[in-house]
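Notes follow the structure.
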Amino acid sequence: MLSGCYFVKRNIPKQPLHPNCHCKVKNINTGKAKQKIKAMCDISKFTDYIFSQKQLNGKKTLFESWGYTIHDSQYLVTEYESQAVQQYLSGNYVLKNLDKYGQRIAIPTTLNGHTFYSGWMIYPEGLIKNTTTFGGKIK
Amino acid sequence: MKKFDIVKLKHITKEYAMYGLYEGIHGVVLEPDSKESKVIFISDYDLEESTYITVYNNHLEVEKEKLPQSIIEEIQKNLKRLQCQDNKKLQDREFFENDVVELIKDDEKYKTHGVTKGMIGIVAYPYSINHEYLVDFSTVLEDESVVGDCISVHASDIKKIEK
């Protein structure tokens, strides 16, 4: 399930990845990786979930305490994506669960002086997509 | 039409629709014949959902791409299992990525991740795998600590929350 996925060499899942694993690591040009790497965070994670009127899971209170409202959703998407790309390229991420869905990573993210982990899924060809907007503060 | 050709269904009939097929679904020819072929169709949204159906060759379009040899070998190894999907109906998709859902059933396998009935989460992956969805149930408490996790849940254990 990691075929075509990019990792910084010093921060790569340990092999073997699974029973009967024949996966191989292939070096890719840093310049090529930089061109292809893209982070995606869907705006509905903020508009329909975090800032939902229904107070679903404590995240609305948290983000509002940091000074954000639903009107900041696009700004937050841009910040998440931009910070995720930089951290991923630098190898500054923590390897988390590897399962049938793929490899998840935790990326340090900073908003208004508050630093925490956000969760991302690694897809092939340099794409990472946000899975968790707040995974706990980094002390 | 040749064995292991990748094909796309270009014409839908009532009979095909009964098995959950739709225009544009892709499949692999396993038993070619002159007028009709048996094709294993693979769901676009569930990575383990497939059905094995006879379709008319003129309802199919052969794609230019060819299956890699490693995939052909994998299919040959699993041929009997694939053929058991004979005339199985592809199930409708239950949830989409970014759907907000509620866990409606307690289970030990969820509790070990701190996820319990009533918790709210968001579907975090565009595909299901055998009707299991990856859902982010992480919840922030008053002291800003986090309970819950991003876990795999069965479609029957969650329900969609409307906006």
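Chains as they are written, first to last, in this note's numbering: chain A, 277 to 415; chain B, 2 to 164.
C-beta atoms are modelled at their ideal positions from N, C-alpha and C, and glycine is treated no differently.
Cβ distance (whole Å) where residue i is taken to contact residue j below 8 Å
{"i": "tyrosine 282/A", "j": "alanine 315/A", "result": "Between alanine 315/A and tyrosine 282/A the Cβ distance is about 12 Å, and since that is not below 8 Å, they are no contact."}
{"i": "cysteine 85/B", "j": "alanine 125/B", "result": "With 8 Å as the limit, cysteine 85/B and alanine 125/B do not qualify as a contact, their Cβ atoms being about 31 Å apart."}
{"i": "tyrosine 25/B", "j": "isoleucine 43/B", "result": "Inspection of the sequence shows that residue 25/B is occupied by glycine rather than by tyrosine. Incorrect: roughly 12 Å between the Cβ atoms, too far for contact."}
{"i": "glutamate 64/B", "j": "valine 8/B", "result": "7 Å"}
{"i": "lysine 321/A", "j": "threonine 409/A", "result": "6 Å"}
{"i": "isoleucine 162/B", "j": "valine 136/B", "result": "That belief does not hold up - the Cβ atoms of isoleucine 162/B and valine 136/B are roughly 12 Å apart, past 8 Å."}
Closest residue to residue i among the options (Cα-Cα distance)
{"i": "serine 157/B", "options": "Leu142/B, Val147/B, Tyr134/B, Asp150/B", "result": "Tyr134/B"}
{"i": "isoleucine 346/A", "options": "Lys285/A, Tyr356/A, Gln329/A, Asn373/A", "result": "Gln329/A"}
{"i": "serine 279/A", "options": "Lys290/A, Gly307/A, Cys299/A", "result": "Cys299/A"}
{"i": "tyrosine 46/B", "options": "Pro127/B, Tyr111/B, Thr140/B, Gly149/B", "result": "Pro127/B"}
{"i": "tyrosine 351/A", "options": "Gly334/A, Gln362/A, Ile319/A, Lys308/A", "result": "Ile319/A"}
{"i": "asparagine 388/A", "options": "Asn373/A, Gly367/A, Phe339/A", "result": "Phe339/A"}
{"i": "valine 147/B", "options": "Met120/B, Asp108/B, Gln70/B", "result": "Met120/B"}
{"i": "glutamate 143/B", "options": "Asn287/A, Lys308/A, Gly307/A, Lys335/A", "result": "Lys335/A"}
{"i": "valine 361/A", "options": "Leu403/A, Val370/A, His294/A", "result": "Leu403/A"}
Beta-carbon proximity check, residue i vs residue j, cutoff 9 Å
{"i": "aspartate 324/A", "j": "asparagine 131/B", "result": "no"}
{"i": "lysine 302/A", "j": "glutamate 401/A", "result": "no"}
{"i": "lysine 11/B", "j": "glutamate 62/B", "result": "yes"}
{"i": "glutamate 145/B", "j": "glycine 122/B", "result": "no"}
{"i": "isoleucine 76/B", "j": "leucine 31/B", "result": "yes"}
{"i": "isoleucine 41/B", "j": "leucine 83/B", "result": "yes"}
{"i": "serine 341/A", "j": "phenylalanine 327/A", "result": "no"}
{"i": "asparagine 88/B", "j": "threonine 140/B", "result": "no"}
{"i": "lysine 36/B", "j": "tyrosine 57/B", "result": "yes"}
{"i": "lysine 90/B", "j": "tyrosine 20/B", "result": "yes"}
{"i": "phenylalanine 138/B", "j": "asparagine 333/A", "result": "yes"}
8 Å CB neighbourhood of residue i in its chain, flanking five on each side removed
{"i": "threonine 407/A", "result": "Arg380, Gly395, Trp396, Met397"}
{"i": "glycine 411/A", "result": "Ala382, Phe392, Tyr393, Ser394, Gly395"}
{"i": "tyrosine 399/A", "result": "Cys281, Gly378, Lys405"}
{"i": "glutamate 95/B", "result": "Ser129, His132, Tyr134, Ala156"}
Close beta carbons around residue i, own chain, < 7 Å, minus the five adjacent residues each side
{"i": "isoleucine 13/B", "result": "Leu22, Tyr23, Glu24"}
{"i": "glutamate 60/B", "result": "The residue you asked about is not glutamate; residue 60/B is histidine in the sequence shown. Only Leu10, Lys11, His12 meet the Cβ criterion."}
{"i": "proline 384/A", "result": "Gln363, Asn368, Thr391, Tyr393, Ile414"}
Nonlocal neighbours in the same chain, by C-beta distance under 6 Å from residue i, ignoring five residues either side
{"i": "isoleucine 73/B", "result": "Phe5"}
{"i": "methionine 277/A", "result": "Gly378"}
Where the segment 321-338 of chain A meets chain B: residues whose CB sits under 8 Å from a CB there: Taking 8 Å as the Cβ-Cβ cut-off against chain B, the residues of the segment 321-338 of chain A that qualify are Lys321, Asp324, Tyr325, Ser328, Lys330, Leu332, Asn333, Gly334, Lys335, Thr337, Leu338.
Residues of the segment 385-409 of chain A with Cβ closer than 7 Å to any Cβ of chain B, in chain order: Gly395, Met397, Thr407, Thr408
Near-chain A residues of the segment 133-147 of chain B - C-beta to any C-beta below 9 Å: Within the segment 133-147 of chain B, the qualifying residues are Glu133, Leu135, Asp137, Phe138, Ser139, Thr140, Val141, Leu142, Glu143, Glu145, Ser146, Val147.
Short-range partners of chain A found in the segment 74-102 of chain B, where Cβ spacing is below 8 Å: Glu98, Asn99, Val101
Residues, ordered as in the chain, of the segment 366-383 of chain A that lie near chain B by beta-carbon distance below 9 Å: Lys372, Asn373, Asp375, Lys376, Tyr377, Gly378, Arg380
Positions along the segment 294-315 of chain A whose CB lies within less than 7 Å of some CB in chain B: none
Contact residues within the segment 102-127 of chain B, judged by C-beta distance below 8 Å to chain A: Answer in chain order: Met120, Ile121, Gly122, Ile123, Ala125, Tyr126.
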